[in-house]
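What follows is a single structure, written as structure tokens, with notes after it.
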Amino acid sequence: MIFLENIPIYVQIADDIKDQIIAGKLCDDDKLLSIREYSLKYEVTALTMQRALALLESEGAVETKKGVGSFVKAGVREQLKVRLVEELVRDFISRAKNMGISNDEILENVREGLDND
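In our numbering, the protein residues as written are -18 to 98.
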């Protein structure tokens, strides 16, 4: 994985794991790799992986059972999909408004995009 400079690495790793959940590569109650295994996979320190997993846990995507490991929370895939779409929509609207595009123009572009899909 190639990391961006302007976003903390642990956030990018957490996002990658969330993307795996959304894509169905990680399913309800699946056990995640250990911190050591993830550290090797992403070529980061164990501390960075601990931060990524702590972020996922604080967001309710995974739960950690002491001495057992971290697991994908049941039902979280749909929640993550909804959150991601909401984030994308907010970002899109914000960027469009910063370019001076009106609400009507934004809606028109969305409709055209849906029609052309």
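All C-beta atoms, glycine included, are put in the ideal place defined by N, C-alpha and C. As the structure is a computational prediction, the values presented were derived from the model and not from experiment.
Specify whether the region 72 to 81 and the region 30 to 40 touch according to this definition: at least 3 beta carbon pairs, one from each stretch, less than 8 Å apart. no
Contacts around D10, its chain only, beta-carbon distance under 7 Å, and the 5 residues preceding and following it disregarded: Residue numbering aside, residue 10 sits at position 29 when the sequence shown is read from its first letter. F52, V53 and A55.
State the CB to CB distance for the pair M(-18) and Y19, rounded to an integer number of angstroms; the pair is presumed to be in contact (CB under 8 Å). Mapped onto the sequence shown, residue -18 falls at position 1. Mapped onto the sequence shown, residue 19 falls at position 38. Not really, about 11 Å apart at Cβ, beyond 8 Å.
List the endpoints of the continuous beta strand (DSSP E) containing E44. As a working mapping, residue 44 is identified with position 63 in the sequence shown. Its beta strand (DSSP E) spans residues V43 to K46.
Helix, strand or coil at K(-1) according to DSSP, with G and I counted as helix: In the sequence shown, counting from the first residue as 1, residue -1 sits at position 18. Helix.
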